[in-house]
Structures are given as structure tokens and as C-alpha cells.
Amino acid sequence: MSDFGGAIKKSDVFDLAILGVPFDEKSCFLRGAASGPQAIRQASTGKALNPFTELGIDLETEVTIVDLGDVDTSGDVDKTFARLEEAVIKILEKKAVPIILGGDHSITFPILKAFARFFSKLDLLHFDAHPDLYPELYGDRFSHACPFARILEAGLVDRLVQIGIRAATPEQRQIASKFGVTMMEMKDLKNLPSLEFTNPLYISFDLDSLDPAFAPGVAHHEPGGLTTRQVIDLIHELKAQIVGLDVVELNPTRDPSGITAAAAVKIIKEVIGQIVLTKKSG
Ligand code: MN
Ligand code: MN
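Counting from 5, one number per residue, gives the positions in the sequence shown under this note's numbering.
Here is the structure:
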């Protein structure tokens, strides 16, 4: 079940496509994020919520959203990443917006490889407690702690803005400054910035950007994070043409009340609402 308040339809023609990636083999600490897509879908059933966004967009009638199911994650990691990249390419070929449910954060690198084929200019807004800019972690260059280093090295985006950061290491700060990354750390975030992007924008949302008080269902608890309210306000204030979103790192084994899955659903709804609003205003 994945209906985001009744919004999901069966159609060959669509504006947005949900895609699950039940994958957590690149998690350096706890496994469990592979069950994330299922938990997000469960939290989005029609009886739990209505299809309206806070700003009044009716996701059931104003936009066509489909659920393409999960990427096959059997076999080795290279095969999974190749299938994921292919699945994203298929969505982008239809000029639709992929909404990807993780899975651990390593999936963002193959996703953006697909995007780079379609977007010669692309900006990236990354919500996270961690910069995920390690050259490698425990000998693994494709760990969930490394995707943004790979994305920058490969030149897949023009601009990277990170927000919610509160676990940067000196090494990661150095890499950020080398690539001209805008790293908005929680310690400096006294007021919410209003974010504007000139190129098409991809949003990568690690649920641990939220404070663990609001989103305990993640592997790495890093107190001192964003409130769910702050994130929704940031989304509403965002001036950008959003062309893709991933919501990653939901670990249902640490989310007994389901509040983190509910936050994921809420964020997805409001981002979709923002996409519709931007289209409407031309
Ligand atoms: Mn993180
Ligand atoms: Mn991350």
C-alpha cells in the first residue's frame, strides 16, 4: 500500500514516480534501512492522512503520481546500483520526477549518475547530520558516508548545498572547501535561510538531518538537529525547480512508533506540493 492519502494511481502517463530501494549493504554501523521503503509506504495509507499539502495542493487531482515498486537488490552491489540507475533513467525519459525511497545513503551516487545524463546543469540540496564526504570509510569508497565525495569528483552537480550538518570532521570540511560546497552547520543556523537555486534542483534527504527527538528511526543518532517544522518551512520557502528527491536512511527497527516514517511521508508530500506550486506559477 502506498497511496499518500489516495494520490497514487495506476497510469502509464505520470508526473511523478515513487521508486523503492530496499538496500542497506553500504551502512557502516547498523543495518535495517533496507526495510525503509516498505515502512514509508505503510505510513502513507489513505486512512492515515488526506491528500492535501499544507499549502492546499490536492495530490490526488492536481498531479499524477505512480508507484513503480522496488528496484531488484538481489545479487552484488554493482548489479543493484546498475539496476537503480536504469530505473531512474526510465523515469527521466518520461520527463517525470523520481521520488526515491531508501535504503541507505549510498544510493544517491548511482541516482545522480542517471540525472547527469539528462541535466547538464544540476544543483543539489542535501539534508543530513553528516557531510557524507569521506574519501572512504573503513576501506569502502562507496559507503553511505561517501556518496557526496563521489558525486563531486565525478562532476555530476554544479552546486552542492548541505544543511543540518553537525558531525563534520576536519577532513570533510577540507573536501567541502576544495569543491566549493556550501555547508550550513547547525551550530551556525540561528535563523532559517531562504534557499534559491538557478539550475534544476535535486534534493537528497537523509532523515538523520532531523533531530532524533523527531526522527529516532535512523542508524546514527546525532542530537541537535532540525525540527520537522523547520524542514517543512524550508521546503515551502524554497525557490527552485525540483526535479528529483530521495528520502533515505529510515531504519524501521529503531522507529517503533512509526514517527520517523510519518515524517518521511510528510516531507515527500510537501516537496511534491512545492513541485506542483512551482509549475502552476510558471
Ligand atoms: Mn546522516
Ligand atoms: Mn547521509
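Positions of the beta carbon are idealized from the N, C-alpha and C atoms, including for glycine.
Using the beta carbon as the reference atom, which residues fall closer than 5 Å to any heavy atom of ligand 2, ordered along the chain? Per the Cβ criterion, the list is 109, 132, 136 and 210.
Does residue 135 come out as helix, strand or coil in the three-state DSSP assignment? Your numbering for residue 135 matches position 131 in the sequence shown. Looking at residue 135 - three-state DSSP - the assignment turns out to be coil, as it is neither helix nor strand.
Neighbourhood of residue 6 by C-beta distance below 7 Å, restricted to the same chain and skipping five residues each side: Position 2 of the sequence shown holds residue 6. Within the same chain, residue 6 has close Cβ partners 12, 22, 45, 48 and 71.
What would DSSP say about residue 240, mapped onto helix, strand or coil? What you label residue 240 is simply residue 236 of the sequence shown in a count that begins at 1. If DSSP states are grouped into helix, strand and coil, residue 240 belongs with the helices.
Cβ of residue 29 versus every heavy atom of ligand 1: is any distance shorter than 7 Å? Locating residue 29 in the sequence shown gives position 25, where the first residue counts as 1. No; taking the cut-off as 7 Å, the Cβ of residue 29 has no heavy atom of ligand 1 nearer than that.
Reduced DSSP category for residue 218 - H, G, I as helix; E, B as strand; rest coil: For the purposes of this step, residue 218 is taken as residue 214 along the sequence shown, with counting starting at 1. Looking at residue 218 - three-state DSSP - the assignment turns out to be coil, as it is neither helix nor strand.
Around the Cβ of residue 113, are there at least 16 other Cβ atoms within 10 angstroms (buried) or fewer (exposed)? Translated into positions along the sequence shown, residue 113 becomes position 109. It is buried - the Cβ of residue 113 has at least 16 other Cβ atoms within 10 Å.
Below 8 Å on the Cβ atoms is my contact criterion, and I expect residue 126 with residue 161 to pass it. Report the Cβ-Cβ distance as a whole number of Å. In the sequence shown, counting from the first residue as 1, residue 126 sits at position 122. In the sequence shown, counting from the first residue as 1, residue 161 sits at position 157. By a beta-carbon distance limit of 8 Å, residue 126 contacts residue 161. Their separation comes to about 5 Å.
Touch check for the segment 151-167 and the segment 181-199: three-plus C-beta pairs under 8 Å? yes
Going by beta carbon distance, what residues of the same chain come within less than 7 Å of residue 266, once the five residues before and after it are set aside? Here residue 266 refers to the residue found at position 262 of the sequence shown. Hits under 7 Å: 47.
Give me the Cβ distance between residue 246 and residue 63, rounded to the nearest whole Å; I'm assuming they're in contact under 8 Å. Position 242 of the sequence shown, counting from 1, holds the residue named residue 246. Position 59 of the sequence shown, counting from 1, holds the residue named residue 63. Not quite, the Cβ-Cβ distance comes to about 15 Å (not below 8 Å), so this is no contact.
Use the C-beta contact count for residue 154: other C-beta atoms within 10 angstroms, 16 or more gives buried, fewer gives exposed. Here residue 154 refers to the residue found at position 150 when the sequence shown is read from its first residue. Counting Cβ neighbours within 10 Å, residue 154 comes out buried, since at least 16 surround it.
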